[in-house]
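Asker: Take the sequence shown: its letter number 303 is residue 596 in our numbering, and every next letter is one higher. Each residue gets a CB set at the ideal place from its N, CA and C atoms; glycine is no exception.
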Amino acid sequence: MSDISLPTPPAPKKQKLGGYEFFRSIGSPKYVVAPMVDQSELAWRMLSRSPLPSDMAGPSTPPTTDVPYPVHPGGATLCYTPMIHAKVFSESKNLSKGGDGHFDLTHGEEGSHDPLAGIEGGDRPLFVQFCANDPDILLAAAKKVEDRCDAVDINFGCPQGIAKKGRYGSFLQDDWETIKSLIGILHENLSVPVTAKFRIFPDKERTIAYAKMMEAAGAQILTCHGRTREMKGQLTGLADWEMIRAVKEAVNIPVFANGNILYREDVDRCLEVTGCDGVMTAEGNLSNPAIFLPADHPHAHPPLWVLANRYLDIVESLKTITSKSAIRAHLFRLLKPELDRNDAIRDKIARASVSPTGELTEFRVIIKEIEDGAKAEVDALGSSWRAPPIDPATGYRKLPSYVAQPYIRPSPIPAGAAGSNGKENGADGVSAPGSPGPGTNVQSPCVQRDPPCSGMAASRCPTRACLTHCRQIRAVAEGMDPQVAAEKSARGELAGMGCEAHEAKYLAKQEKASLKRKSREDTKALKKLRRAELRDSQKANEETKQGKQPTEAGAEQAVTELVA
């Protein structure tokens, strides 16, 4: 026989799972953290996976055959990265930046199975989300992360102007051929599944056809955000759970619902109403990363300083750098209930910095100040305090300011149009506490005026009015004719007549503006002095060349003018 050796046949490719097989292989995750720009970074994902220390949350559930990752009490069971621009990422040569800073490929922590910040299971399961409109560019970007994630998600939901300019996100929803190509190329060429997140159309039939098209193209999980492309900013309004339910019933793959989540009870009702396999939240998670704790858990609404310090602990323990903008943004959102009462603390957070060696001491001092300031309220409520049930009349629960609670965003939809979730408007579609009942058109926190005010400062005013209308309301209450009050207000003659919160903030702004003006004037004066010194220096050089004695008269005159 010949001694010629035959080449070893290549190892068979591992079968790529899809649909419910894939969903079960990552633990059938029900509690999902949404992709959020500069907000679902690694440190925040780790906090969301394990929001409380074990002595408060209780023991974690170890991995099993059915659940391959440990489950931490109240933690998210799946996280998405922030949306990454595929073109920038694919062309990046700086691996530590990964294209846009949202996925660090150098330190090996993002997408790692190893414990991070003492949290078992690491950064998994993880879906990496991209935006793109070119299939080849998208594939090149996805190839860089396919071995560090469980799936690659495509963003078909972003409604912002930058997405319109770049022709991605929800601005592809009328170009089905491109969408099919983007999903298809990843489905055929990646070793991990492709998933998709999208917004609905106003029309149910078109929305269903849209979802079925993505399923046919190769998407293995769909996330349906129950709002249209136009529902954003002040027009956000209520997400349509019935539309999400229709999508779920129309496809044969797992579906995540997105929208209207403020409390754990909303998560449970959303699963029941929509029939979906999981619930994704963005704003609910940002305000309370422990949102997935059962409603009756003693720490379902933990103290703000517990969450803030745990987040900072995670940031400091990671090799992966967390941007200062992300740290500040998270603290602004986490601590909002206290910041709404204390603008000075907001300013301190804005000025706080990270030390050269990465310590977050300045931020911790601010958090300690909040904790100390809340001591009297904490002591008054006692250690046995538990969050009360949601008030069925308002859809909210009354909470002390020192615990995590949802951000209530004003929304322009009528209060009577509550829809399937029983709430009316705001963050993820619910109205501000204390707003008028059904049948009242609530368009902003200032409910006394027609049209209502849009200023968010109204939420802190006893009359729930903006500064201008607060002054008018109080002037009229003191006997001034309404028309006269309006005219005086237009001329700026009611200064000082508003509520304490408004006037204090107004004075603080005036003081800040005055300091800015003085700083600009000082800068201009310094520049003028330096120009004078430069002119005199040049003149002295010329006189020296000509054999004359240099004079300082010009500089002295400039200084005299400056002092004057």
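#1: With distance defined between alpha-carbon atoms, name the residue in F449, K473, A601 and F420 nearest to F316.
#2: Near V896, which residues of its chain fall below 7 angstroms by C-beta distance, leaving aside the five closest residues on each side in sequence?
#3: Going by DSSP, name the residue or residues bridged to H378.
#4: Going by CA-CA distance only, name the one from N602, P322 and A779 that's closest to L564.
#5: Strictly by DSSP, which residues pair up with T574?
#6: Mapping DSSP to helix, strand and coil, what is L515?
#7: Does the Cβ-Cβ distance between E535 and V566 come in under 9 angstroms?
#8: Going by DSSP in three states, L371 sits in which element: helix, strand or coil?
#9: List the endpoints of the continuous alpha helix (DSSP H) containing I537.
#10: From I607 to A583, what does the alpha carbon distance come to, in whole angstroms?
#11: Going by the DSSP bridge assignment, what does D446 pair with across the sheet?
#12: Is P352 buried or exposed, if buried means 16 or more other CB atoms sit within 10 Å of its CB?
#13: With contact counted as at least three CB pairs below 8 angstroms, one residue from each stretch, are the stretch 326–340 and the stretch 608–615 in contact?
#14: According to the neighbour-count rule (16 or more other Cβ atoms, all chains shown, within 10 Å of its Cβ), is V559 buried or exposed?
#15: Which of the three DSSP states, helix, strand or coil, is assigned to G312?
#16: Under the assumption that N602 contacts Q698 (Cβ atoms under 8 angstroms), give the Cβ distance between them as a whole number of angstroms.
#17: Count the other CB atoms, across all protein chains shown, that sit within 10 Å of the CB of V540; report buried if there are 16 or more and exposed otherwise.
#18: Would the beta-carbon of I514 fall within 9 angstroms of that of A444?
#19: Throw me the rounded Cβ distance for the Q422 and D397 pair, which I believe falls under 8 angstroms.
#20: Kindly indicate the opening and closing residues of the alpha helix (DSSP H) around N602.
#21: Using the rule of at least 16 other Cβ atoms within 10 Å of the residue's Cβ for burial, across every protein chain shown, is N545 buried or exposed?
#22: May I ask you to verify whether the stretch 477–484 touches the stretch 517–532, counting CB pairs closer than 8 angstroms and requiring at least 3?
#23: Specify the secondary structure class of C739 as computed by DSSP and reduced to three states.
#24: Can you find the residues in the same chain that come closer than 6 angstroms, C-beta to C-beta, to K309, ignoring five residues on each side of it along the sequence?
#25: Would you identify the three-state DSSP class for F549, choosing helix, strand or coil?
#26: Which residues does DSSP pair with Y689 in a beta bridge?
#27: Buried or exposed: which applies to S812, given that a residue is buried once 16 or more other Cβ atoms fall within 10 Å of its Cβ?
Answerer: Straight from the coordinates:
#1: Of the listed residues, the one whose Cα sits closest to F316 is F420.
#2: Look at the range of the chain in this structure, 294 to 857, and you will see that residue 896 is not part of it.
#3: Beta-bridge pairing links H378 to C424.
#4: Cα-wise, what sits closest to L564 is P322.
#5: For T574, which the question treats as bridged, DSSP gives the partners V326.
#6: When secondary structure is reduced to three states using DSSP, L515 falls in the strand class.
#7: With contacts defined by Cβ atoms closer than 9 angstroms, E535 and V566 form a contacting pair.
#8: It is a strand residue.
#9: That run of the alpha helix (DSSP H) goes W534 to A543.
#10: Taking the straight line from one Cα to the other gives about 15 angstroms.
#11: Note: D446 sits in a beta bridge opposite Q422 and T488.
#12: The residue in question, P352, is exposed, as its Cβ has fewer than 16 Cβ neighbours within 10 Å.
#13: Result yes; three or more Cβ-Cβ pairs closer than 8 angstroms.
#14: A quick correction: the sequence has Asp, not Val, at residue 559. It counts as buried.
#15: In the three-state reduction of the DSSP assignment, G312 falls in the helix class.
#16: Actually they are not in contact, since the Cβ atoms of N602 and Q698 sit about 18 angstroms apart, beyond 8 angstroms.
#17: V540 counts as buried, since at least 16 other C-beta atoms from the protein chains shown sit within 10 angstroms of its C-beta.
#18: In contact: I514 and A444 (Cβ atoms closer than 9 angstroms).
#19: Not confirmed; about 16 angstroms, so no contact.
#20: Boundaries of the alpha helix (DSSP H) around N602: L597 to S610.
#21: So N545 ends up on the exposed side.
#22: With a cut-off of 8 angstroms, the stretch 517–532 and the stretch 477–484 do not count as touching, because too few Cβ pairs lie within range.
#23: Because C739 carries a pLDDT of 42, less than 50, the predicted location of this residue cannot be relied on, and the following value inherits that uncertainty. C739: strand per DSSP, three-state reduction.
#24: Taking C-beta separations shorter than 6 angstroms and ignoring five residues to either side along the sequence, K309 has no partners in its chain.
#25: DSSP places F549 in strand when its eight states are reduced to three.
#26: Bridge partners of Y689: D684.
#27: Exposed, by the Cβ-count rule.
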